[in-house]
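Each remark here refers to the structure printed beneath this line.
Residue numbers (the numbering used here): 18 to 434.
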């Protein structure tokens with residue numbers, strides 16, 4: 018080619034009229050090659066289409082510097098997607114168009130728009146919904162591949178769950194920060210200048226008003242990119258030290274400057290903040306003898322039955338000797354929702370034990386402690402923690418696999434990057 022296809026692409030995209038141009042089918046046929054991945058070409062049309070998709074969905078205002086970064090991101094994504102889809106074909110993983118349609122419909126529903134509106138927005142910016150379908154097709158295929166390859170190998174022990182819960186409870190007692198993140202990794206070569214240019218372009222786009230979640234989704238290298246960078250509620254101890262130092266000084270609603278961290282650069286947004294709170298929680302069953310049924314014999318029967326309780330598996334059977342006793346499953350209740358009298362009665366109990374008979378406004382009551390644990394805002398249950406650990410391990414394995422695919426592939430870049 019007398020002029021690099023990618024140079025022509027960049028020149029075309031810097032012209033306002035070219036940003037609005039929707040190439041027709043003939044234009045696709047005469048496009049040059051941007052890269053070759055294991056003998057499969059990626060055309061400059063596909064790169065241009067993906068660039069417009071990124072610009073449209075992220076809200077980034079294009080300038081010469083931004084376009085260079087978006088071009089690099091677009092090509093990187095297309096190369097990875099090509100590897101993912103090639104691997105899916107190798108393992109005969111079928112991806113139906115209905116699955117892709119459902120994924121687009123889900124995105125539209127989450128954003129409160131219709132699929133037709135998404136397509137119209139893309140077309141108005143000169144982008145095709147085909148590039149969105151390609152991205153989703155690769156995501157679905159990769160999800161199937163990773164799950165099929167690794168899910169049965171990932172094991173989470175009770176000890177891992179307990180350690181994770183202990184860490185979460187400790188952090189839950191500290192100030193919590195709702196953080197979103199954008200990560201730019203250092204390139205494999207280890208040079209910083211490329212990563213510095215990328216993070217500077219991203220920060221410039223954010224300064225000009227581009228939505229953080231959309232930029233993160235398209236430009237971040239972090240695993241949280243798929244969720245728009247949302248890292249959830251975190252204590253300072255759960256953040257990287259360099260990030261924690263910055264976040265502690267940020268007002269809610271602000272965005273940080275780029276932060277140098279091991280392995281790259283980060284930008285964080287502080288969406289909200291709250292004081293930590295750990296609450297003792299009780300899983301309870303309640304036995305009530307209403308006032309009209311109380312007499313010396315019924316009280317004695319209630320006390321006798323309570324003394325013999327050993328667990329929550331058959332509370333109704335344990336109190337079957339108490340006429341008119343009402344058994345109620347209270348589920349899990351926070352200590353702050355219980356009156357002092359009941360909290361005091363539960364304080365010395367082990368799991369499976371019953372309290373003394375209490376005189377309350379409802380009559381005579383006995384409370385059986387099925388389980389006691391600690392919880393608080395954002396502290397998940399054991400099954401949720403297990404799923405989090407599994408997903409973290411799968412994410413790590415997926416990144417390693419994709420890296421190995423890239424290292425083992427023949428990828429030829431055509432043009433300047």
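Heads up, the beta-carbon is just placed ideally off N, CA and C, and yes, glycines get one too.
{"Query": "DSSP bridge partner residues for residue 57 (one or two, in chain order)", "Result": "54"}
{"Query": "Other residues of its chain near residue 212: CB distance less than 8 Å, five sequence neighbours each side excluded", "Result": "201, 202, 203, 204, 281, 282"}
{"Query": "Contact check, residue 110 vs residue 167, beta carbons under 7 Å", "Result": "no"}
{"Query": "Cβ-based neighbour list, residue 358, same chain, cut-off 8 Å, excluding 5 preceding and 5 following", "Result": "375, 377"}
{"Query": "Buried versus exposed call for residue 188 [16 or more other C-beta atoms within 10 Å across all chains shown]", "Result": "buried"}
{"Query": "7 Å CB neighbourhood of residue 122 in its chain, flanking five on each side removed", "Result": "132"}
{"Query": "Buried or exposed (CB count within 10 angstroms, at least 16 for buried), residue 399", "Result": "exposed"}
{"Query": "Under 7 Å between C-beta atoms of residue 302 and residue 346", "Result": "yes"}
{"Query": "Proximity of residue 236 and residue 90 at Cβ, strictly below 7 Å", "Result": "yes"}
{"Query": "C-alpha gap between residue 191 and residue 100, whole angstroms", "Result": "43 Å"}
{"Query": "Span of the alpha helix (DSSP H), counted from its first residue to its last, around residue 198", "Result": "Here residue 198 belongs to no alpha helix (DSSP H); instead the beta strand (DSSP E) covers 193 to 202."}
{"Query": "Cut-off 7 Å between Cβ atoms - residues of its own chain near residue 407, not counting five sequence neighbours on either side", "Result": "171, 173"}
{"Query": "Beta-carbon gap between residue 379 and residue 305 smaller than 7 Å", "Result": "yes"}
{"Query": "Which listed residue (252, 308, 210, 95) has its alpha carbon closest to that of residue 396", "Result": "252"}
{"Query": "Where residue 381 falls: helix, strand or coil (DSSP)", "Result": "strand"}
{"Query": "Residues that DSSP places opposite residue 287 in a beta bridge", "Result": "196"}
{"Query": "Local conformation of residue 388 per DSSP, three classes", "Result": "strand"}
{"Query": "C-alpha gap between residue 466 and residue 387, whole angstroms", "Result": "With the chain covering 18 to 434 only, the question about residue 466 has no answer from this structure."}
{"Query": "Delimiting residues of the beta strand (DSSP E) encompassing residue 15", "Result": "Residue 15 cannot be examined here, being either before or after the span of the chain that is shown, 18 to 434."}
{"Query": "Assumed close pair residue 8, residue 186 - CB separation to whole angstroms, cut-off 8 Å", "Result": "Only positions 18 to 434 of the chain appear in this structure, which leaves residue 8 out of reach."}
{"Query": "Residue 66 classed as buried or exposed, judged by whether at least 16 other C-beta atoms fall within 10 angstroms", "Result": "buried"}
{"Query": "7 Å Cβ shell around residue 95 - same chain, five flanking residues per side excluded", "Result": "59, 63, 64, 67"}
{"Query": "For residue 195 and residue 159, believed in contact at Cβ under 8 Å, the rounded distance", "Result": "The pair is not a contact, with the Cβ atoms about 28 Å apart (cut-off 8 Å)."}
{"Query": "Per-residue burial, residue 372 [other beta carbons within 10 Å of its own, 16 or more giving buried]", "Result": "buried"}
{"Query": "Residue 431 versus residue 423 - alpha carbon distance", "Result": "17 Å"}
{"Query": "Whole beta strand (DSSP E) elements within the region 166 to 247, 3-residue minimum", "Result": "193 to 202"}
{"Query": "For residue 341, three-class secondary structure by DSSP", "Result": "coil"}
{"Query": "Best match in 339, 365, 107, 403 for proximity to residue 382 [C-alpha to C-alpha]", "Result": "339"}
{"Query": "Beta bridge counterpart(s) of residue 277 as assigned by DSSP", "Result": "282"}
{"Query": "Residues sharing a beta bridge with residue 84, DSSP", "Result": "Looking at the DSSP assignment, residue 84 forms no beta bridge with any residue, so it has no partner."}
{"Query": "Beta carbon of residue 82 nearer than 7 Å to that of residue 218", "Result": "yes"}
{"Query": "Contact check, residue 246 vs residue 198, beta carbons under 7 Å", "Result": "yes"}
{"Query": "Span of the alpha helix (DSSP H), counted from its first residue to its last, around residue 134", "Result": "132 to 141"}
{"Query": "Residues of its chain near residue 420, where Cβ-Cβ distance is below 6 Å and the 5 sequence neighbours each way are ignored", "Result": "none"}
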